[in-house]
Amino acid sequence: MQRTQVGIIGSGPSGLLLSQLLERAGIESVVLERRSRDYVLGRVRAGVIEQGVVAILREAGVAARLDREGLVHHGVEIAVGEQRQRIDFASHTASLVVYGQTELTKDLMEARAASSAPLFEVEDVVVEGIEGTRPRLRYRHLGTEHALDCDFIAGCDGFHGVSRKAIPANVLKTHERVYPFGWLGVLADAPPVSPELVYARHERGFALCSMRSATRSRCYVQCALDADLAKWSDARFWDELRARLPTALAAGLQDAPSLEKSIAPLRSFVAEPLRHGRLFLAGDAAHIVPPTGAKGLNLAVRDVHQLAQAFVAHYSERRDHLLDGYSATALRRIWRAERFSAWLTSVLHRFPGQTSFDRGMQLAELDQLVNSAAARAAFVEAYTGSQP
Ligand code: FAD
Ligand code: PHB
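So, in structure tokens, the structure goes:
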């Protein structure tokens, strides 16, 4: 029988960072991951990190490369048809760092490998005894059954993980909105069309031009939920993106072979409570935001930072007030990010069956956003995560 203080399911950014923060506070943990290390490192996802989150990553000792290589942005562009408007963050003393989740995961894995690396390719993780004082994780690894006794279990296993399902159905409430479209994303070695991100609302659908470096672009176009990746050649993707951008930007867009191409469905989802007995949910296991607001990774980091502080209070001060308050405090922050992400999604995308009134509402919202100083300030607060 093995033992640890905190058993962590999942080695995405939330599981890895929680384990890292706990170690720095002298708290032991074990991370169990279903996939291989290469698979986890191969996933291309988020790219935009809030300054407050960068501060947490520095505190965790994993921000050296991010500080060297991350691109600091002080504004973002919103394009509506041919109209282009820049929203400036600097005047609100906020900024964002563009740094790929893949790179952050690599940095976290390296930090963890130096002490206690996750256990990869574990199968059939089962969560037991969370209502008692000795929760246990059972799993199979390399054909052998194992049991890990824990003081607490952290469910950091993403939306499709097992931890949320361990909360009894009569306790767990879920709130969900599924969007009738997805995002088709391409990563390519092409210089970004613009030095800052461009979010575009177009009659053909939403488009986003993001980046990973001065020479690598990450771009997305809104697509049908049942879109067939095989039918999206690179040329078709670039042509569609070009068609949705203002002419001046489209003219500078260079085609390049895709290094990665994938479709992500869009969803808003909140589970509550985030704690049941000795199980705590964090990151995508607890909530999903549509990627439009660039909030998912940022929320995950803030969740585990809060959770790590709660474990520290438990172990070093013998005080459980932060563990007891985790769910309510995190949910307030989560709902605010849900609101922003759902709103930005609703104004920038083309919805099937959308009426001319719906279209008028979208355009009026975007007009207000770019032309009202108060609306811009509220956007900057939410988008950069600088709200109090
Ligand atoms: P995950 O990264 O999903 O990690 C969960 C881990 O648990 C996985 O490794 C999984 O294999 C493992 N696991 C699952 N089940 C089990 C099991 N039964 N046993 C063991 N292990 C298990 N967020 C932003 O903040 N900014 C952005 O710009 C942004 N852009 C995005 C763009 C796209 C296209 C997508 C899809 C997402 C984007 N996000 C963004 C969201 C962000 O990627 C996620 O919120 C983030 O990955 C959440 O991290 P996590 O560790 O909670 O979950
Ligand atoms: C990304 O760079 O992948 C990215 C940026 C902003 C978003 C979503 C994704 O809103």
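Under my numbering, think of the first position of the sequence shown as 1, with each following residue one higher. C-beta: ideal position from N, C-alpha, C; glycine also.
query, result
"Compute the beta-carbon to beta-carbon distance between residue 161 and residue 279, rounded to the nearest angstrom, for a pair I have assumed lies under 8 Å.", "Contact doesn't hold; Cβ gap of about 12 Å is too wide."
"Along the chain, where does the alpha helix (DSSP H) containing residue 359 start, and where does it finish?", "356-371"
"Can you tell me which of 40, 26, 36 puts its alpha carbon nearest to the alpha carbon of residue 12?", "40"
"Just to confirm the assignment, what range does the alpha helix (DSSP H) spanning residue 325 have?", "321-348"
"May I have the straight-line CA-CA distance separating residue 304 from residue 320, to the nearest angstrom?", "16 Å"
"With distance defined between alpha-carbon atoms, name the residue in 388, 358, 354, 344 nearest to residue 78.", "344"
"Quick one: using the 10 Å Cβ neighbour count with 16 as the cut-off for buried, is residue 237 buried or exposed?", "buried"
"Check this for me: beta carbons of residue 288 and residue 163, under 8 Å apart or not?", "no"
"With DSSP as the reference, label residue 133 as helix, strand or coil.", "coil"
"State buried or exposed for residue 134, treating a residue as buried only when at least 16 other CB atoms are found within 10 Å of its CB.", "exposed"
"Beta carbon of residue 273: closer than 7 Å to some heavy atom of ligand 1?", "no"
"What do you reckon, are the CB atoms on residue 315 and residue 130 nearer than 8 Å?", "no"
"Bridge partners for residue 54 per DSSP, in chain order?", "Paired residues: none, contrary to the question."
"Less than 7 Å separating the Cβ of residue 191 from some heavy atom of ligand 2?", "no"
"Tell me whether residue 3, by its Cβ, gets closer than 7 Å to a heavy atom of ligand 2.", "no"
"Does DSSP put residue 1 in a helix, in a strand, or in coil?", "coil"
"Do three or more CB pairs link the segment 119-126 to the segment 29-48 at distances below 8 Å?", "yes"
"Please find out if some non-hydrogen atom of ligand 1 comes closer than 7 Å to the beta-carbon of residue 52.", "no"
"Beta-carbon separation of residue 296 and residue 52 under 8 Å?", "no"
"Quick one: complete beta strand (DSSP E) runs, 3+ long, within the segment 110-157?", "122-128, 136-141, 144-155"
"With distances taken Cα to Cα, identify the nearest neighbour of residue 170 among 207, 273, 323.", "273"
"Is the number of C-beta pairs between the segment 56-76 and the segment 360-374 that are closer than 8 Å three or more?", "no"
"Below 6 Å CB to CB, which residues in the same chain sit around residue 294 once its five sequence neighbours on both sides are set aside?", "48"
"In angstroms with no decimal places, state the Cα-to-Cα distance between residue 266 and residue 224.", "11 Å"
"List in chain order the residues whose CB is within less than 5 Å of at least one heavy atom of ligand 2.", "47, 48, 210, 218, 291, 294"
"I believe residue 322 touches residue 310 by the beta-carbon criterion, under 8 Å. Please report the beta-carbon distance rounded to the nearest angstrom.", "4 Å"
"Can you give the beta carbon distance from residue 182 to residue 263, rounded, assuming they're within the 8 Å contact cut?", "5 Å"
"Report the start-end ranges of each beta strand (DSSP E) in the segment 168-236 that is 3 residues or longer and not cut off at the edges.", "173-188, 198-201, 207-211, 217-223"
"Would you say the beta carbon of residue 335 is closer than 7 Å to some non-hydrogen atom of ligand 1?", "no"
"I need the straight-line Cα distance from residue 308 to residue 5, nearest angstrom please.", "12 Å"
"Compute the beta-carbon to beta-carbon distance between residue 221 and residue 207, rounded to the nearest angstrom, for a pair I have assumed lies under 8 Å.", "5 Å"
"Please confirm whether any heavy atom of ligand 1 lies closer than 7 Å to the CB of residue 157.", "yes"
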